[in-house]
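Worksheet: the structure to be examined is printed underneath.
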Amino acid sequence: MTTAEQAPELIEFQSERSFLVRLTGAVFHFVRRQPLGTFGAIVIVVLIAGSILAPVLNTQDPGTSIRSAPTLGAPSGDHWFGTDRSKRDVWSRVLYGGRPTLLIGFGAVALTMAVGITFALAAGFFGGLVDILISRLIEIIIAVPAILWLLMFTTAIDRSVQTLIFAVAFTFTPITIRFFRGNVLQESSIAYVEAARVIGASGGRIMFRHILPNVAPLVIVAASITIPAAMLSEAGLTFLGLGLEPGTASWAQDLGPNNRSYFRVAWWLLVFPGAALALAVLAFNFFGDSMRDVLDPRLRGSGLI
Amino acid sequence: MAEGYWGKYWRRRVSRRRVLAGGAAVGAGAAALVAVGCGDDDDDDDAEPAAATQAAQATEAAAEATEAAAAAEEAEATEAAAAAEAEATEAPSAIQRGGTFRHQKSSQNTSLDPSVTVTDPTWTALTYSHLLGYSLVEEEAWGDAATGWEQPDATTLVFSLEDGLKFNPEAAGGRDMTSEDVAFSYSRFPTSLSELGSEVNQLQWGWMGVDRGASFDTPDATTLTINLAFPWASAIPSLGSSAMAIVAREAVEAGGGHLKDTPNAGGGAYMFDNIDDTGNTYKRNPNYRGHSSDRGRFTAEMPYIDRWEDAIVTDPSAREARLLAGDSDVLGGIDKIQAELFANEGNVQVIEGPANDHAIMELDGFKWAQHPLLREALSLSIDWEAYIDVVLDGEGIRGAPVGPAFSQVLPQDEIRELQQFDPARAKALWAQGGGDEVFPDGFVTVIATFGASTRHIEFIAQSIEENLGVPTRLEPADLANYVALATAPAGQKIWHYFIAGENSLSTIPDYNALTHYVPNGYGAIFGGVYTFDHPLSAAYPEEIIEVTNEIGTELQARYDLQGATVDPEERKQVLQDLQRYIFTNFCCVLPLPVPSVQYYAMGARLRNVPGVPDIANNASMGYRRAQNMWIEA
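As they're listed, the protein sequences go chains W and X. If you want the numbering used here, it's the position in the first sequence, counting the first as 1, plus 8. If you want the numbering used here, it's the position in the second sequence, counting the first as 1, plus 212.
And the structure:
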């Protein structure tokens with residue numbers, strides 16, 4: 009085998025190794041410099057893993073009433089988090105309950121970011137009529153309280169997870185467009201964009217190959233901060249009885265009317281789903297804040313990182 | 213050396229992250245306090261008991277003292293027994309007149325005309341007089357506006373009205389209430405149905421046959437003769453219905469045919485003081501006092517309570533919190549667990565007694581009428597006994613089309629035989645009837661957002677999904693939408709089944725439950741077959757009409773027969789055969805299990821509160837009409 013034949017593989021290997029080394033280093037750096045963010049990340053991983061692995065974590069169907077179980081049974085060896093008013097296992101409901109909440113949080117934010125950044129790039133890069141149209145559209149949407157949009161969608165369509173993802177994304181997208189539009193405008197005035205224009209790059213290429221990578225770190229920051237807000241939107245709606253269908257295993261659902269009357273005597277109905285929801289929101293906030301510290305160029309050199 | 217991660221923050225202004233961290237610590241602390249607090253609650257069993265418990269203990273003390281007295285010297289024993297007796301039967305402090313009863317409800321009334329809606333019985337009970345009332349507990353009618361009555365034959369009822377009855381000052385200037393007013397009020401229903409879109413079920417007034425030739429004679433101001441169009445065994449009890457309110461003609465005429473702008477149209481113990489978005493308030497009707505009655509109605513100085521406030525509190529938890537905090541005097545029906553919890557609350561008294569509830573699962577006839585196998589499969593897929601264990605906390609019985617308090621209800625064993633749980637057979641029938649093709653998208657049902665709990669609906673949906681493999685989508689609705697969705701025209705109902713419950717006596721104090729099963733009753737407007745006098749919807753395909761006509765006509769004929777059968781024993785047989793017919797045809801209403809015990813939560817400061825199940829029965833001596841109920845300061 010000649011050196012010339014080996015060279016590309018070697019380069020690839022070194023490149024991969026270099027990436028892994030850099031990634032590991034970055035992780036260690038993050039852990040050392042951002043303990044709260046690390047805590048948040050761990051909690052997020054645990055909650056996601058718990059939701060995904062729920063079927064193998066000593067759970068039962070979260071909707072099924074267990075006739076032999078006590079009504080409002082306190083936490084015990086059989087039911088680690090107790091049972092609710094309908095003799096359902098709270099441990100199972102908490103684990104399965106993370107699925108819709110996390111799914112809506114991630115799904116809504118993914119949709120928000122995808123649509124929001126696309127519109128922000130168009131508005132910021134093209135300017136003129138495109139910018140005016142998009143900006144006015146945003147103002148129209150923002151003029152209506154978010155809760156009304158959410159109610160409208162869940163009433164007009166249905167109360168499925170998909171609808172809630174769409175509804176929550178709809179209310180967050182205008183703010184996201186505004187946020188990124190400013191950054192795109194800022195980037196557009198930098199020399200590299202001008203240089204790209206000079207060499208004949210198309211608008212699309214400049215937007216997606218040059219500007220987007222430069223605002224990408226902010227996407228991670230914005231996403232990690234928006235996820236808990238999206239989760240709380242869903243929780244608020246469900247808590248009001250207008251979100252996910254009754255009976256659906258969901259943290260917010262279990263804090264709703266069917267259980268509320270029994271919180272005084274069955275603390276586990278309040279504490280476990282409430283703690284799961286609060287922990288998730290807190291963890292995303294910690295993680296988002298830390299990611300902002302690490303990735304937001306405006307904070308670099310501020311002494312925080 | 214670089215300063216530590218935490219150390220550098222001491223010199224910085226407070227960041228968002230730090231606030232969050234602080235919040236987390238505070239949250240954890242609060243959670244710990246909550247846990248500790250809850251733990252303490254468990255120890256409160258020995259805490260100072262509520263007034264009712266004190267009375268019970270006093271009674272026990274009396275009994276113990278009496279036993280001791282027997283063993284002791286006669287004189288001492290007598291003294292001890294007397295002392296204990298005095299403690300046990302400690303006379304309540306003197307009746308305190310006045311005060312405000314603080315009522316609460318979930319939403320404002322859709323109408324304040326008793327011929328248009330009676331969904332909320334409070335205002336009809338407070339502001340209107342009726343000819344009669346009927347008590348389930350005492351199983352007898354009592355005169356409200358009427359002092360006496362007789363039934364010379366099967367279709368003639370003659371009533372004598374109390375002399376000198378008056379409307380409230382805002383209704384017809386407070387003039388005397390006469391037999392003509394009663395006749396006018398009862399005659400309004402057909403017009404209200406056709407012109408005002410009345411929501412009042414026709415069976416509340418249709419039994420008289422006012423739209424089929426019934427007539428009224430008013431030879432003088434205090435005599436009324438009702439000539440029924442056909443015999444009706446439940447005529448006397450039915451006159452206690454909320455809808456049978458006596459309305460002043462002038463108020464109706466002033467409102468252009470309805471009472472939208474003239475709600476003070478009655479002669480009840482109270483009259484409206486204010487109506488707005490926060491609720492209704494009622495004050496005494498000054499014209500009400502001074503009459504005589506041996507049952508507490510129209511008696512001088514009564515009612516003891518001066519005012520009623522009926523606040524709109526949409527959130528069920530808030531309603532509960534208001535009762536617990538002493539800001540409200542009524543919560544209403546509660547379950548066993550809540551009753552146990554509330555028993556130790558100082559502001560609450562729990563009243564317990566035999567229930568007379570009726571709960572049903574209406575099937576939309578438009579979707580189900582053609583599919584008898586699927587209807588049976590649905591019924592077989594519901595675990596009825598588990599429903600009693602889980603939803604009713606083991607304190608339940610199997611429901612039937614006749615209320616459980618009535619002697620004509622089928623025996624429990626027979627109901628269990630007629631209404632079984634058999635998942636294997638359910639699946640087989642479902643497959644045989646092509647269920648997956650008929651209902652490819654599963655089921656839809658409606659849940660009330662104003663109700664306290666949807667557990668029973670969730671249980672049914674879960675049971676069907678587990679045992680039949682068909683999911684149900686739960687569609688939420690507030691009160692206005694709830695009724696609209698329930699009663700949407702044939703072919704336009706979004707739901708496949710609709711679960712509803714009621715106290716059998718809240719409206720017609722006899723066989724109201726049955727009206728859900730017959731074409732001329734709720735069965736028609738909800739989802740059951742739609743025949744008889746009601747025109748079949750044009751939306752019904754021919755093949756459905758064929759089926760609905762057959763079953764519907766049979767149901768209606770059997771229902772009419774029981775109404776016309778005056779002999780009690782004969783009627784019992786007819787009623788039981790009707791129940792068997794309903795059970796075996798599964799069309800289009802399935803009776804649900806019902807509680808065997810009913811608990812009611814009322815403010816502890818109330819005295820002379822009526823017992824269960826009459827407590828909420830507007831037609832009886834329910835708390836809304838308990839004029840001798842009073843408030844202890």
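Glycine is no exception: its CB is placed at the ideal position from the N, C-alpha and C atoms. These numbers were taken from a predicted model, which means no experiment stands behind them.
Assumed close pair residue i, residue j - CB separation to whole angstroms, cut-off 8 Å
i: L321(W); j: S73(W); result: The displayed coordinates of chain W run from 9 to 313. Any statement about residue 321(W) would go beyond what the structure contains.
i: Q768(X); j: V614(X); result: The pair is not a contact, with the Cβ atoms about 16 Å apart (cut-off 8 Å).
i: V370(X); j: T437(X); result: 5 Å
i: A457(X); j: S372(X); result: Rounded, the Cβ-Cβ distance is 19 Å, inconsistent with contact.
i: G834(X); j: G565(X); result: Actually they do not touch by this definition, with Cβ atoms about 12 Å apart.
i: N499(X); j: W335(X); result: Not confirmed; about 18 Å, so no contact.
i: M514(X); j: T339(X); result: The pair is not a contact, with the Cβ atoms about 16 Å apart (cut-off 8 Å).
i: Q582(X); j: V759(X); result: 6 Å
Continuous beta strand (DSSP E) stretch holding residue i: start and end
i: P805(X); result: Taken as a continuous stretch (DSSP letters only), P805(X) belongs to no beta strand (DSSP E), as it is neither H nor E.
i: V562(X); result: V560 to P566
i: W354(X); result: E352 to G355
i: V658(X); result: F655 to A660
i: M483(X); result: Y482 to D488
i: G345(X); result: L344 to S347
i: L686(X); result: T684 to A689
i: I458(X); result: First-last for I458(X): undefined, no H or E at that position.
i: M573(X); result: D569 to L575
i: S372(X); result: T368 to L373
Contact check, residue i vs residue j, beta carbons under 8 Å
i: A571(X); j: G611(X); result: yes
i: E392(X); j: T434(X); result: no
i: L592(X); j: V650(X); result: no
i: S848(X); j: T526(X); result: Summary: the structure shown does not reach residue 848(X), with chain X confined to residues 213 through 845, and so no result is reported for it.
i: S541(X); j: H708(X); result: The residue you asked about is not Ser; residue 541(X) is Asp in the sequence shown. In this structure, H708(X) does not lie closer than 8 Å to D541(X) by Cβ.
i: G255(W); j: G71(W); result: yes
i: I214(W); j: A224(W); result: no
i: G545(X); j: Q810(X); result: yes
i: T657(X); j: E687(X); result: yes
i: A175(W); j: F187(W); result: no
i: N439(X); j: T368(X); result: yes
i: G310(X); j: D539(X); result: no
i: T46(W); j: F38(W); result: yes
i: S399(X); j: E607(X); result: no
i: P108(W); j: V152(W); result: no
Delimiting residues of the alpha helix (DSSP H) encompassing residue i
i: M239(W); result: L220 to F247
i: D762(X); result: It is Glu, not Asp, that sits at residue 762(X) in the sequence shown. Note, E762(X): alpha helix (DSSP H), E754 to A776.
i: W707(X); result: Note, W707(X): premise wrong, no alpha helix (DSSP H); not H, not E.
i: I307(X); result: Unbroken run through I307(X): none, as it is neither H nor E.
i: I546(X); result: I546(X) -> not in any alpha helix (DSSP H); beta strand (DSSP E) instead, spanning V542 to I546.
i: K495(X); result: Counting along the chain, K495(X) falls outside any alpha helix (DSSP H), though it belongs to the beta strand (DSSP E) covering G491 to R496.
i: A6(W); result: The requested residue 6(W) is not part of the displayed model; chain W covers only 9 to 313.
i: I676(X); result: R667 to L680
i: D532(X); result: The question names Asp, yet the displayed sequence has Glu at residue 532(X). Its alpha helix (DSSP H) spans residues P528 to L536.
i: P431(X); result: Element bounds for P431(X): not the alpha helix (DSSP H) but the beta strand (DSSP E), S427 to D432.
i: E407(X); result: F401 to E407
i: A295(W); result: Reading off the sequence shown, one finds Phe at residue 295(W), where the question assumed Ala. Unbroken alpha helix (DSSP H) run through F295(W): W275 to L303.
Chain-ordered neighbours of residue i on chain C, where CB pairs are closer than 9 Å
i: R30(W); result: Judged by its chain identifiers, the structure shown contains no chain C, and its protein chains are W and X.
### Query
In chain order, what residues of the stretch 257-270 of chain W put their CB closer than 8 Å to some CB of chain X?
P265, N266, R268, S269 and Y270
#### Entry: Given 8 Å, three or more beta-carbon pairs between the stretch 775-782 of chain X and the stretch 436-451 of chain X
yes
### Message
Closer than 8 Å is the cut-off here; do at least three beta carbon pairs connect the stretch 546-566 of chain X with the stretch 673-692 of chain X?
### Response
no
### Query
Is it true that the stretch 455-466 of chain X meets the stretch 422-429 of chain X, where meeting means three or more beta-carbon pairs spaced less than 8 Å apart?
Flag = no, the stretch 455-466 of chain X and the stretch 422-429 of chain X do not touch.
### Query
Are the stretch 140-148 of chain W and the stretch 72-88 of chain W in contact at 8 Å, needing three or more beta carbon pairs?
no
### Inter-stretch contact at 8 Å, needing at least 3 Cβ pairs: the stretch 240-259 of chain W / the stretch 105-115 of chain W
yes
### Message
Counting beta carbon pairs with one atom in the stretch 47-57 of chain W and one in the stretch 282-294 of chain W, are three or more of them shorter than 8 Å?
### Response
yes
### Message
Taking beta-carbon pairs under 7 Å, can you tell me which members of the stretch 227-253 of chain W lie near chain X?
### Response
Shown in chain order are the members of the stretch 227-253 of chain W whose Cβ falls below 7 Å from a Cβ of chain X: G249, L250 and E253.
### Task
Identify each residue in the stretch 90-111 of chain W for which the Cβ-Cβ distance to at least one residue of chain X is less than 7 Å, and report them in chain order.
R93, S94 and K95
### Residues, ordered as in the chain, of the stretch 63-79 of chain W that lie near chain X by beta-carbon distance below 7 Å
G71, T72, S73, R75 and T79
### Message
Does the contact criterion of 3 or more C-beta pairs under 8 Å hold for the stretch 375-383 of chain X versus the stretch 469-480 of chain X?
### Response
yes
### Query
Touch check for the stretch 151-160 of chain W and the stretch 91-107 of chain W: three-plus C-beta pairs under 8 Å?
no
#### Entry: Interfacial residues, the stretch 606-620 of chain X to chain W, with Cβ spacing under 7 Å
Flagged: no residues at all.
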